[in-house]
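K.L.:
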Amino acid sequence: EPEVTQTPSHQVTQMGQEVILRCVPISNHLYFYWYRQILGQKVEFLVSFYNNEISEKSEIFDDQFSVERPDGSNFTLKIRSTKLEDSAMYFCASRPGTGNNQPQHFGDGTRLSIL
Amino acid sequence: SQELEQSPQSLIVQEGKNLTINCTSSKTLYGLYWYKQKYGEGLIFLMMLQKGGEEKSHEKITAKLDEKKQQSSLHITASQPSHAGIYLCGAAYSGAGSYQLTFGKGTKLSVIP
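Residue numbers (this note's numbering), protein chains in the order written: chain A, 1286 to 1400; chain B, 3 to 115.
#1: What residues from chain B crowd round E1341 (chain A), counting only those whose CB sits closer than 8 Å?
#2: Determine the DSSP secondary structure at H85 (chain B), reduced to helix, strand or coil.
#3: Per DSSP, what are the beta-bridge partners of N24 (chain B) in this structure?
#4: Output, in chain order, the set of chain B residues within a Cβ distance shorter than 8 Å of P1388 (chain A).
#5: Quick one: which residues of the stretch 1320 to 1340 of chain A get their C-beta closer than 7 Å to a C-beta of chain B? List them in chain order.
#6: Below 8 Å on the Cβ atoms is my contact criterion, and I expect V1328 (chain A) with F105 (chain B) to pass it. Report the Cβ-Cβ distance as a whole number of Å.
#7: Ends of the beta strand (DSSP E) at M49 (chain B)?
#8: Decide if P1310 (chain A) is buried, meaning its Cβ has at least 16 other Cβ atoms within 10 Å, or exposed.
#9: Given that L90 (chain B) touches chain A, what residues does it touch there, using C-beta distances under 9 Å?
#10: If you measure beta-carbon to beta-carbon, which residues of the stretch 1355 to 1366 of chain A are closer than 7 Å to chain B?
#11: Alpha carbon to alpha carbon, how far is G97 (chain B) from V1304 (chain A)? Give it in angstroms, no decimals.
#12: Could you pull out every residue in the same chain whose Cβ sits closer than 7 Å to the Cβ of G1394 (chain A), ignoring the five residues on either side in sequence?
#13: Is it buried or exposed, K29 (chain B), if we count other Cβ atoms within 10 angstroms and call 16 or more buried?
#14: Going by C-alpha distance, which of A:L1324, A:Q1322, A:F1334 and A:Q1326 is nearest L1315 (chain A)?
#15: Under the assumption that S12 (chain B) contacts T79 (chain B) (Cβ atoms under 8 Å), give the Cβ distance between them as a whole number of angstroms.
#16: Just the Cα atoms here: how many angstroms apart are Q1302 (chain A) and S1372 (chain A)?
#17: When DSSP builds the beta bridges, which residues end up paired with C1346 (chain A)?
#18: Is the Cβ of D1347 (chain A) closer than 8 Å to any Cβ of chain B?
#19: Checking 8 Å against the spacing of the C-beta atoms, do K19 (chain B) and G87 (chain B) come in under that value?
#20: Between L31 (chain B) and Y89 (chain B), is the Cβ-Cβ spacing less than 8 Å?
#21: How would you call P1413 (chain A), buried or exposed, if buried means at least 16 neighbouring beta carbons within 10 angstroms?
#22: Could you list which residues in chain A have their beta carbon closer than 8 Å to that of K107 (chain B), in chain order?
#23: Quick one: is G1392 (chain A) buried, meaning 16 or more other Cβ sit within 10 Å of its Cβ, or exposed?
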């Protein structure tokens, strides 16, 4: 069964450094998402992406964050200058397209640790 | 207050017992999604509910969405150790846009053999 894949599984970065988290959504899916989960807290929406542009974003998704679909398969989340509070599990998700009866499918996540 | 409240926060049951997890929204739901998460892993899609009164089942798991579309329950019959994990409900509050999900805090289920 097709699945969303994320790399790396664990990323350790010094505060202030840039980090790029990578995702390969399910082929032929059109909507892409990033969520994060701080340890012990709930999963929070960051951003959605459709038709090569941001569709919606949350308050968390400030100027330090950006997303890109550099080619036909990858979907990336970049954090420009990481802070300690960016430490979290980051999940990528995708869904087939418009229409209200299609669930989001999630990857296994990237655990980001900021030192 | 939270938009989406799950109860209980944690649950320990003996193998073979039935259990119910609830998810209550402060707003009318457009869609309600149930996921299972194992510690340190991703979210596995279980079921999606959209119509008031809708009920879906998969193997020993049944989910319902109440008529007023503000509460859902997840029922597991004859629980097994493989059911252990964190159950998350996710809400879509709009039928337009990207259908971003708002999640509850989750219910941690432990099943004792």
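Every residue gets a Cβ at the ideal spot worked out from N, C-alpha and C, and that includes glycine.
P.N.:
The structure says:
#1: G99, S100 and Q102
#2: helix
#3: B:S9 and B:S75
#4: Y35, F47 and M50
#5: K1327, V1328, F1330, S1333, Y1335 and S1340
#6: V1328 (chain A) to F105 (chain B), Cβ: 4 Å. Contact.
#7: L45 to L51
#8: buried
#9: Simply K1327 and V1328.
#10: none
#11: 34 Å
#12: Same-chain partners within the cutoff: Q1291, M1374, Y1375 and F1376.
#13: exposed
#14: A:F1334
#15: With a Cβ gap of about 20 Å, S12 (chain B) and T79 (chain B) do not count as contacting.
#16: 13 Å
#17: One point to set straight first is that residue 1346 (chain A) is Phe, not Cys, in the sequence displayed. DSSP output for F1346 (chain A) lists no bridge partner at all.
#18: no
#19: no
#20: no
#21: Given that chain A is displayed from residue 1286 to residue 1400, the structure contains no residue 1413 (chain A) and the question cannot be resolved.
#22: Result: Q1326 and K1327.
#23: buried
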